[in-house]
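If you read the sequence shown in numbering that gives the first Met the number 0, its first letter stands for residue 0, the second for the next number, and so on. The beta-carbon is built from N, C-alpha and C at its ideal position, and this holds for glycine as well. Remarks on the structure that follows.
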Amino acid sequence: MPAEDAEPVLGTDTTIAPPDAPPSPPAGERAVSVLWSFGKCLGALLPVYLAGYYGLSITVVLLGLMVYTGWKHSRRDKTMRLKSAMYLQENEKEFITRSVFRARRDLPPWVNFPDVEKVEWLNKIIQQAWPFIGQYLEKLLVGTIAPAIRASNIHLQTLSFTKVNIGEKAVKVMGVKAHTEQDKRQVMLDLYLYTGDVEINVEIKKYFCKAGVKGVQLQGKLRVILEPLIGDIPLIGAITMFFIRRPKLDINWTGLTNLLDIPGLAISDNIIMDAIASHLVLPNRLTVPLVANLHVAQLRSPLPRGVVRIHLLEAEDLTAKDTVIRGLIDGKSDPYAVLRVGTQIFTSHHVDSNLNPQWREMYEVIVHEIPGQELEVEVFDKDPDQDDFLGVKVDLDIVKKAGVVDDWFNLRDVPSGSVHLRLEWLSLLSSADRLSEKNENLTSKMADPPSAAILAIYLDQAYALPLRKSNKDPSPMVQISIQDTTQESKTSYGTTSPVWEDAFTFFIQDPRKQDIDIQVKDDDRAVSLGSLTIPLMRLLASPELTMDQWFQLENSGSASRIYVKIVLRGVLRIHVVEGQNLIAKDNFMGGMVKGKSDPYVKIRVAGITYRSHTIKENLNPIWNELYEVILTQLPGQEIQFELFDKDIDQDDFLFKVNLRDIISAQFIDTWYSLNDVKSGRVHLVLEWLPRVSDLPRLEQLQILQYQTQQSYQNKVVPSAAVLFVYVERAHGLPLKSGKEPKVGADVILKNVSNRTKVCERSTSPRWDEAFHFLVRNPREETLTVKLSHSWGQALGSLTLPLREVLAEPGLVLDRWLNLDGALPESQILLR
């Protein structure tokens with residue numbers, strides 16, 4: 000037998016080395032490895048030594064160990080998520096072929112949805128162009144952004160980008176869905192995106208500080224609208240992009256920014272996501288015009304499609320989450336509901352120990368895109384440790400088609416339970432025919448009355464604003480207020496002719512009595528650059544309820560003007576009535592003895608979440624709560640209803656409802672069966688308030704009538720009127736300690752009090768602030784105004800019986816009033 004074929008003989012000195020054994024490392028490398036291991040051990044023990052040396056408590060050491068463990072765990076989870084996403088992107092075909100038994104959520108959208116197309120050709124184009132996109136991004140960061148950052152702060156003068164690499168994996172489009180049925184003048188695309196292995200490093204040499212990013216995962220549905228379609232090259236007037244829902248973001252930090260992954264400090268991803276949402280998540284849009292002379296404002300801030308009014312009524316047969324003796328004895332739940340549409344989120348109150356809660360709450364949400372936006376309703380069990388998800392979702396596209404949806408919706412992933420919702424689609428009409436329609440029976444769990452209209456304000460630009468006192472250019476921003484709601488624009492730095500191009504929306508209860516207050520201020524919010532007050536009555540007399548013009552600013556330069564477009568439009572009213580035959584979630588003795596549930600409802604619509612109160616131990620709850628939500632008609636927008644069982648451990652998800660049909664039906668009063676449970680339904684009343692375009696119709700639309708046999712359980716006496724108080728200015732006030740006072744005003748009606756700002760030292764302060772109060776008996780109630788120096792020493796007061804206002808023409812009192820406890824000439828101007 001040849002030697003090479005002979006087997007080794009045991010017990011001999013013959014040894015055979017493995018053929019692939021790696022060579023032994025040099026002695027120097029072994030020494031370095033040992034020293035490195037020794038150094039790591041010393042580094043790990045150093046904090047313990049220092050704690051003992053400085054006499055620190057063992058608690059400090061344990062706390063540091065917990066923080067380090069949490070940081071390592073967060074880093075490991077984030078790295079695994081990024082690696083999994085990278086693997087899926089590179090091996091999509093193999094992943095799908097082996098995913099027969101995987102959850103549907105793991106599959107790409109083009110697998111789950113037949114109308115979503117796979118576009119590998121587009122991904123190949125992006126991949127081919129990706130290196131050149133990286134070159135452009137590097138030039139932008141190094142040549143433009145870095146100098147701007149260095150110039151912005153003296154401590155950042157040594158900042159530089161040491162590495163800019165957008166990676167080899169290009170942004171991948173996982174699927175495309177086209178919407179061509181909405182408007183013949185536009186093409187609408189939904190892109191399902193994923194982002195890959197970006198690496199960017201930053202260094203501040205002055206402080207020996209290095210930071211960076213290595214790996215970004217951004218997942219979401221990006222809507223791209225090509226409009227208007229034109230008859231000339233390039234055939235498309237502009238490209239508008241936005242995320243319908245907030246995308247998911249994961250960032251793998253490096254360097255000093257590793258600390259951002261410590262639990263409790265891991266807010267960096269959310270901050271970046273908030274910045275993205277402020278520009279690219281509805282109602283924000285990014286518009287890129289491709290041709291000249293295009294009205295970009297209408298594309299960047301279009302009018303909402305409509306409003307969905309959500310009535311969160313009740314739930315029934317919820318699952319009991321508060322179990323006793325580890326589930327051997329059924330208990331109850333304390334359910335509440337969270338409603339979300341886009342960025343609008345509403346939370347109802349919770350009902351204690353009730354599997355059949357009644358919330359009776361109403362919300363209104365603005366719908367910007369149909370189809371696309373969805374209403375999500377989540378029902379939770381209130382818990383001091385963690386809220387348990389019970390669950391349901393409702394597609395709002397049904398609400399648009401049906402106009403009104405009043406039904407019970409089954410909760411998902413639980414044995415029983417349903418939520419009763421009423422959803423109304425309110426189209427935005429450009430006339431005022433129906434403003435005067437009133438509903439004396441309509442009350443709400445919330446103090447605010449239902450809305451009659453929505454007001455859309457497009458803030459364009461200003462011209463010739465005054466300089467600062469130091470003769471420097473101001474950095475103007477604008478505060479727009481209607482009653483007690485104030486919204487702020489972005490700041491335009493270092494200019495007397497700022498351009499903002501911001502859009503705002505407000506709910507309007509009575510446009511005949513409300514005013515728009517516009518304050519132009521420097522970015523410190525202290526120096527006023529001008530003001531403007533526009534009564535909404537002027538808007539009612541304008542063609543199509545729209546004002547689009549320049550306005551002269553008061554208390555400003557002689558040539559100071561501001562350009563504003565104001566559009567008044569109509570509002571979804573949601574009545575959450577009741578639940579019926581909900582499942583018992585609080586089981587006893589391992590389910591052998593059935594208990595109850597403590598149901599509550601969450602309504603999510605247009606990014607707003609509402610929550611009803613919790614009804615204790617009731618499988619047939621009656622909430623009887625009302626909510627109002629503004630919606631815009633974006634494709635696919637939904638209202639989501641979720642029914643929960645309040646629990647000390649976890650809330651059970653019961654159901655979600657689609658709001659799509661509310662918009663088309665305008666009025667829905669029905670029971671919705673809960674999903675994926677044996678029993679349970681919820682009674683909802685949904686109203687969609689349409690917009691109108693002439694004064695008689697707008698007067699009829701103030702509140703759509705909602706007939707019900709049950710009253711709302713809000714424990715609030717219905718109001719007879721809304722008192723609007725505009726505190727403008729005062730004069731002739733007394734001095735304090737020989738100096739001019741810093742004056743603030745308290746405006747009080749019964750047990751409700753509002754405060755103005757405190758003006759700079761002056762005996763003639765000016766506030767220009769507005770407040771509103773709910774009045775139950777205007778013939779007996781009294782309005783009190785108290786002036787004080789820095790909320791301390793009294794400067795005078797005013798007591799005004801409201802019956803004096805009833806005697807004024809048009810129920811409007813607008814004049815100077817004398818102050819008690821002040822100088823004879825001391826007066827205040829109220830409206």
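To the nearest angstrom, how far is it from the Cα of residue i to the Cα of residue j?
i: Val-716; j: Ser-73; result: At Val-716, the pLDDT of 44 sits below 50, so the modelled position is not reliable and the matter cannot be decided from this model.
i: Ser-789; j: Leu-625; result: 40 Å
i: Leu-879; j: His-294; result: No answer is possible for residue 879: the residues shown for the chain start at 0 and end at 830.
i: Lys-735; j: Leu-786; result: 13 Å
i: Pro-823; j: Lys-741; result: 20 Å
i: Leu-528; j: Leu-464; result: 7 Å
i: Ile-397; j: Glu-686; result: 13 Å
i: Ser-443; j: Arg-754; result: Because Ser-443 carries a pLDDT of 43, less than 50, the predicted location of this residue cannot be relied on, and no value is offered for it.
i: Asn-817; j: Arg-728; result: 12 Å
i: Asp-747; j: Leu-732; result: This sequence places Ile at residue 747; Asp is not what is there. So the alpha carbons of these two residues sit roughly 20 Å apart.
i: Ala-319; j: Asn-409; result: 16 Å
i: Ile-607; j: Phe-640; result: 12 Å
i: Ala-274; j: Thr-143; result: 20 Å
i: Leu-544; j: Leu-217; result: 41 Å
i: Phe-772; j: Glu-226; result: 44 Å
Please state whether the Cβ-Cβ distance between residue i and residue j is less than 7 Å.
i: Ile-573; j: Met-361; result: yes
i: Trp-622; j: Leu-312; result: yes
i: Leu-302; j: Ala-177; result: no
i: Ala-296; j: Tyr-462; result: no
i: Asp-333; j: Asp-316; result: no
i: Leu-374; j: Val-413; result: no
i: Leu-354; j: Ala-583; result: yes
i: Lys-601; j: Val-366; result: no
i: Glu-116; j: Val-60; result: no
i: Phe-242; j: Gly-211; result: no
i: Asp-597; j: Lys-520; result: no
i: Leu-683; j: His-310; result: yes
i: Gly-236; j: Leu-425; result: no
i: Val-378; j: Leu-642; result: yes
i: Phe-345; j: Tyr-609; result: yes
Per DSSP, what kind of secondary structure is residue i in: helix, strand or coil?
i: Leu-45; result: helix
i: Arg-467; result: coil
i: Trp-622; result: strand
i: Gln-297; result: helix
i: Gln-478; result: strand
i: Ser-36; result: helix
i: Arg-832; result: Nothing about residue 832 can be reported from this structure: the residues present for the chain run from 0 to 830 only.
i: Val-811; result: coil
i: Ile-95; result: Annotation note: pLDDT 49 at Ile-95 (below 50); position unreliable, coordinate value reported separately. Three-state result, Ile-95: helix.
i: Glu-759; result: coil
i: Val-726; result: strand
i: Leu-61; result: helix
i: Ala-30; result: helix
i: Ile-229; result: coil
i: Tyr-52; result: helix
i: Lys-677; result: coil
i: Gln-513; result: coil
i: His-612; result: coil
i: Pro-130; result: helix
i: Tyr-462; result: strand
i: Tyr-457; result: strand
i: Gly-174; result: strand
Using the Cβ count rule (16 or more neighbours within 10 Å means buried), how would you classify residue i?
i: Arg-308; result: buried
i: His-419; result: buried
i: Gln-343; result: buried
i: Gly-578; result: buried
i: Lys-595; result: buried
i: Trp-358; result: buried
i: Phe-37; result: exposed
> So does the stretch 116-125 actually touch the stretch 139-153, counting three or more Cβ pairs closer than 8 Å?
Replying inline: Judged by Cβ distances under 8 Å, the stretch 116-125 makes no contact with the stretch 139-153, as fewer than three pairs qualify.
> Is there contact between the stretch 758-766 and the stretch 461-478, where contact requires at least three CB pairs shorter than 8 Å?
Replying inline: Judged by Cβ distances under 8 Å, the stretch 758-766 makes no contact with the stretch 461-478, as fewer than three pairs qualify.
> Does the stretch 129-142 come within contact of the stretch 164-171, defined as at least 3 CB pairs closer than 8 Å?
Replying inline: yes
> Would you say the stretch 608-615 touches the stretch 397-406, given that touching needs at least three Cβ pairs under 8 Å?
Replying inline: no
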